[in-house]
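Before any comments, here is the structure.
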Amino acid sequence: MSTQYEMVIGLETHIELRTETKAFCSCAVTFGAEPNTHCCPVCTGMPGAIPVLNERAVEYAIKAGLLLHCRVSLWSRMDRKNYYYPDLPKAYQISQYDHPICTDGWLDIPSGEGMKRIRIERLHLEEDAGKLTHTEHGTLLDCNRCGVPLIEIVTKPDFRSADEVTAYLQELRERIRFAGLSDCKMNEGSLRCDVNLSLRPAGSDRLGERAELKNLNSFQFAARAIAFEAGRQAAVLDAGGTLFAETRGFDERTGETFSMRPKETQEDYRFFPEPDLPPIVLTEETVARWESELPEPPASRRARYREAFGLNRETAEALTVSREAADAFEEAAGLTRYPRQLATLLASDPARLSQGAIPVSAAHLAALADLAGEKTIGSGTARELLSLLWREDQDPREAVVRLGLGKLSDPAALRALAREVIAGNPRMAEEYRAGKTAVLQALIGQMMRRTQGRADPGLSREALLSLLSI
Amino acid sequence: MREPIPDSALALSRALSRRELSAREAALACLSRMEAREDELHAFLTVTREEALAAADRVDSRRAAGEELPPLAGVPMAVKDNLCTRGVRTTCGSRMLEHFVSPYDATAVARLREAGCPLLGKTNLDEFAMGCDTGASAFGPTANPVDPARVPGGSSGGSAAAVAAREALFALGSDTGGSVRQPAALCGVVGLRPTYGRISRYGLTGFAPSFDQIGLLTRTVEDCAAVLEAVAGFDPRDATSARVFSEGVLRAVGEGVRGLTIALVRESEEEASPGVRRELLRAVRCLESRGARVDELSLPFLRDMLPAYHILAAAEASSNLARFDGVRYGFRAPEAVSWQELIRESRSRGFGPEVKRRILLGTLALTKERYDACYGRASRIRAATGAALREALARFDLLLLPASPETAWRRGEKRSPVALYRSDLFAVPASMAGLPAVSVPFGAEQGLPVGMQLVGRAFEEAALLRAARALEEENA
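Given below as structure tokens:
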């Protein structure tokens, strides 16, 4: 007979901060660059090279903490975490041990019908290691990633399902990305997540032996690994076996977790205060200033947009894909009489919106929305113009004139065109006159086609009707 | 026979600016002294003859072109071999780095190069600066120029010997727990450990960053002030370097000791050898006769500082030296098949016994089981004794105690590591508190130099050197 189990999950999430330079030297933070082109004596651990803390990394870490409602430590310090590994040039990681920069936060996530609060134990600042590539000729070390600033966010064991984990990661990623603190790409490793999972009989409040799952490179993999691991642990327990604390990897091909090492043999990291760096001392004023610089979170913006402009959920989501997109929309919305048209227009290509900075000025976006709202141009033309502006920012009013894109609304010209269309489709005209009025749409379509969509649909309809009723 | 050159850096500087001799001649004079004495002394691990002459020539041609030059331009220097020098190997006295050539200059070295000081070479040291007689160098010991049968002290023994033998006009050393002051005392030269943060540590292959400080070895107190002004100052590459002015020290050196209040540390009197104690008391009389007020002060915790220092310094060393793993540079065990074996073998064979001893001690001191009893307790001792020292320095301008409890001992004399450590008993307090301290030659015991030490308030090197100058005048 199998017992009912409850899964208990806590997360450790590592996020690479998108600072311009590394945590302790002035090398650029990059992804995908030629190996070992962004490193220096400090981040490769040369003799005598010592770290200097990047203040921007502190700022970003604290901003992340504020987004997660953490308490900010006005006094914290860096510590050394000592262990040998070929990708760790100094053989210690500069991290934070007993004085993390942020503690005691929370994040609300959708769960079932309502919301659930996930408590955050701590958020600390540390540095990334290098990258090893194993080849048939040996192992290669790329130090470009050495010293990239990371934050580690540790939750309380508050998750009870894989869905909650995914919801948390989504909410976390959206907030951090929206504030421009990281791009949070799991596939590039700028967001990495370790899952601590244990089972207990439903109703028990005792924690079971946990497995720490590593190498989860997407939300999907995380969810699959959790499902597999929960099943595995339940099977062991049901068979009367015992679990022991261990670190387990996840195999993306098989969808299974596998044992990497038991926890009891885990290293003593011999933490001690980093003597090369003075403590991090902040004032309330600095923290308040950083807090004031944080953007309004995307969820609240979505609610506001839907309320103010009557947008649907998809449109609001597309506009809040990034802070740049949302800011560009808001600025342009303040300049146009047709914010709703603007929203629809921008949201028509969500992929383009998500690619960082918006290359069109707010004034031009607003002018384009005006043109569409006034029906000077049709919606298809508006989308084409937006693409044009995206490639080369310009005044859409001038572009309309220069490219002759304005709507055809001259009744005489439309009447002439309608006459041509009817002449070219005598069968349709017959059918219409015989009472099959649905063919009118097809005739309007013909007029649009002949004018590349510029013909005003309403006036085209009138012109056709007046000729057909003769 | 070449014309002798002036003995002190400043005297040479004046002769150079008066064009009584050229920088090339000064460098050649030093190089020929090295030729004459190096076989016996072994103060240098690397001699950079061509580089020194090229640098000297540049100074000469700039002077010939009528350029305004920095005060030390053309004054040749020696640099301890744990300070990184671009293009010149930096061995740290270790097999581990026997062939290591740094891609960059330490900030202090760069500043002196910019000031026009030709680099004569890199001086011997105890491996990674861990030791107090330069006997723990992987490349053989250095002899004391005063008596080559004796040790020069350490770990900056090569720098102290080079200056004492006038192979170089001054030298850079490093002082973690006395490694500049103690060899200065044993070789009879001036050795300054400036306030922690006064000189950038960037490029110093230190072993205990919270103690390490670059120090100066010079022939005179005035030279010490002049070199300090040239190397000190804030460096954005060192987060522990201080934003304080370093000018005006040289000008203040001659102001005398009138009005200074000085504390004679009673415990140092008890721990010193008879001859050293005699000179200590003579120093008191000297300072009093020149108008300073000297009172006795008991610092009962003095003896507790040495073991606490050794635990903390070893703990930091165990971490700081972990980067020497054979992966990226340095000695690499060639036949290792796994990365674990590579690291284990490279370190087992690259490091000498004293370094291994300290790494093991420091590793133990940081383990979960021992952290509080070792590292934690030693940190608390450091905080408490440091506070007590600063409190004493609120009442006194300076503390007076010998730099070393004894004079240079015979080479080859068997001493246990702990007996050797005792040699830093008087040096460690300033290191623990990050305070500036100077050792100045004062008298002798059986013909061997004695170094008197003054410890001052943070960033008040001027007061320190004023008193040192007074003792130096008396000694002359």
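Chains as they are written, first to last, in numbering that gives the first Met the number 0: chain A, 0 to 469; chain B, 0 to 475.
Cβ atoms here follow ideal geometry from the backbone N, Cα and C, with glycine treated the same way.
In this structure, A/E120 sits away from A/K80, with a CB-CB distance that is not shorter than 9 Å. From the listed residues A/A331, A/D369 and A/Y337, the smallest Cα separation to A/G309 is found for A/Y337. Interface annotation, A/Y84: in contact with chain B, CB-CB separation under 9 Å. In the DSSP assignment, the residues bridged to A/N195 are A/G9 and A/E211. From the listed residues A/L367, A/R390, A/P34 and A/Q340, the smallest Cα separation to A/R351 is found for A/R390. Annotated as proximal: B/A142 and B/E39, with beta-carbon spacing under 9 Å. By the Cβ-count criterion, B/F169 is buried, with 16 or more other Cβ atoms from all chains shown falling within 10 Å of its own Cβ. Residue burial is scored here from C-beta neighbours: A/T43 has at least 16 other C-beta atoms within 10 angstroms and is therefore classed as buried. DSSP links A/H123 through a beta bridge to A/E151.
For B/K367, the C-beta contacts it makes with chain A under 7 Å involve D267, in order along the chain. Taken in chain order, the whole alpha helix (DSSP H) runs of length 4 or more contained in the stretch 3 to 47 of chain B are 8 to 16 and 22 to 40. Proximity of the stretch 186 to 195 of chain B to the stretch 206 to 223 of chain B meets the contact definition, three or more beta-carbon pairs being nearer than 8 Å. For B/F169, DSSP records a beta bridge to B/M76 and B/T217.
Its Cα nearest to that of A/P297, the residue A/D326 stands out among A/K155, A/E397, A/R401 and A/D326. Closest option to B/P404, judged by alpha-carbon separation, among B/E37, B/H98 and B/L279: B/L279.
Taken in chain order, the members of the stretch 86 to 115 of chain A whose beta-carbon sits within less than 7 Å of a beta-carbon on chain B are P88, K89, A90 and Y91. Not one beta carbon of chain A lies nearer than 9 Å to the beta carbon of B/E334. For A/A422, the secondary structure class from DSSP, reduced to helix, strand or coil, is helix.
The beta-carbon separation of B/L311 and B/A377, rounded to 5 Å, stays under the 8 Å limit for a contact. Interface criterion met: the Cβ of B/V326 is under 9 Å from a Cβ in chain A. Just so you know, the alpha carbons of B/V454 and B/L463 end up roughly 7 Å apart.
The three-state secondary structure of B/E459, taken from DSSP, is coil. In summary, A/R300 is buried, with 16 or more beta-carbon neighbours lying within 10 Å of its beta-carbon over all protein chains present.
Excluding sequence positions up to five before and after A/F30, its CB lies within less than 7 Å of the CB of E187, all in the same chain and listed in chain order. Interface residue (Cβ-Cβ distance to chain A less than 9 Å): B/R322 is classified as such. Taking 9 Å as the threshold, the shortest C-beta distance from B/E113 to chain A does not fall below it.
Here the alpha carbon of B/A42 sits roughly 21 Å from the alpha carbon of B/E24. Not flagged as an interface residue toward chain A: B/N143, since no C-beta distance is shorter than 9 Å. For A/H133, the pairing in a beta bridge is given by DSSP as A/T138.
Annotated as distal: B/R180 and B/A432, with beta-carbon spacing of 9 Å or more.
Taking B/A224 as the centre and dropping the five residues before and after it, the same chain places the C-beta of V248, L249, V252 and L464 closer than 7 Å to its C-beta, in chain order. A/I100 carries a coil assignment under DSSP once its states are collapsed to helix, strand and coil. With a threshold of 16 other beta carbon atoms within 10 Å, A/D237 falls short and is exposed. In the three-state reduction of the DSSP assignment, B/R409 falls in the strand class, which pools E and B. A direct Cα-Cα distance of roughly 7 Å separates B/P69 from B/G115. DSSP, reduced to helix, strand and coil, places B/I261 within a strand of the structure shown.
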